[in-house]
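The sequence shown begins at 1 in the numbering used here and counts up by one. Positions of the beta carbon are idealized from the N, C-alpha and C atoms, including for glycine. None of these values were measured; they are calculated from a predicted model. Encoded as structure tokens, the structure appears first; notes follow it.
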Amino acid sequence: MNEIHPSIRTLQANDAEPISQAFEEIGWNKPVEQYQKYYTSQQEEQIIVLVAESDGVFAGYLVINWHPKYASFPEIQDLNVLPQFRRRGIATALMDKAEALIAQHSDRVAIGVGLHPGYNAAQRMYVLRGYVPDGKGVTWRGIYIKEGQELIADDDLVLHFAKELK
1 MNEIHPSIRT LQANDAEPIS QAFEEIGWNK PVEQYQKYYT SQQEEQIIVL VAESDGVFAG
61 YLVINWHPKY ASFPEIQDLN VLPQFRRRGI ATALMDKAEA LIAQHSDRVA IGVGLHPGYN
121 AAQRMYVLRG YVPDGKGVTW RGIYIKEGQE LIADDDLVLH FAKELK
């Protein structure tokens, strides 16, 4: 597929419905309220949501959390690109912009990635971008797991990475 050079901007109040609808069309449950909450948190300067568009069509987004519970430095969260835009440079463009914004405030960035097969492409991308496991282990639903613990490999099973930006 051809690479796309998306426009990237911050989340606007009127984005909640079209973004939610785009995900609903592919069978993902990402309710309007999620993006309304993101917009409110962005207005309170707790997060920044970067939205990627290709020729005016929503393609994906990510969240920069300035004060995550997990890390003492900013974390990139909730990177999502619609399937029809994957492997075309959208995630890379979003990550480039996010890292550039974070580098203005911090010399490190964190990111968590799920461990089930649905995250294989993201796992590879983060390593190729210089992210390394932070050495603290794996969390499930925000709690570090213990050796021998049995759990479900769902979206909440996460390995955390960090990257030096400067």
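{"Check": "Using DSSP's beta-bridge definition, name the partner residues of L50.", "Outcome": "T10, L62"}
{"Check": "Helix, strand or coil for K37? Go by DSSP, reduced to three states.", "Outcome": "helix"}
{"Check": "Could you have a look at N120 and say whether DSSP puts it in helix, strand or coil?", "Outcome": "helix"}
{"Check": "Would you decide whether G60 is buried or exposed? Buried here means 16 or more other CB atoms lie within 10 Å of its CB.", "Outcome": "buried"}
{"Check": "Just to check my reading of the structure: V132 and A98 have Cβ atoms closer than 8 Å, yes? What is that Cβ distance to the nearest angstrom?", "Outcome": "That belief does not hold up - the Cβ atoms of V132 and A98 are roughly 18 Å apart, past 8 Å."}
{"Check": "For P133, report the span of its beta strand (DSSP E) as first-last.", "Outcome": "132 to 140"}
{"Check": "Find out if the Cβ-Cβ distance for the pair L115, L159 is shorter than 8 Å.", "Outcome": "yes"}
{"Check": "Taking the Cβ atom as the reference point for each residue, do V63 and Y38 lie within a distance shorter than 8 Å?", "Outcome": "yes"}
{"Check": "Checking 8 Å against the spacing of the C-beta atoms, do V138 and Y126 come in under that value?", "Outcome": "no"}
{"Check": "For a test of the three-state rule: what should DSSP assign to F23, helix, strand or coil?", "Outcome": "helix"}
{"Check": "Got a sec? Which residues, its chain only, sit under 7 Å from R9 by beta carbon, not counting five neighbours each side?", "Outcome": "V51"}
{"Check": "Skipping 5 residues on each side, what residues in its chain have a beta carbon closer than 8 Å to that of Q46?", "Outcome": "N65, W66, H67"}
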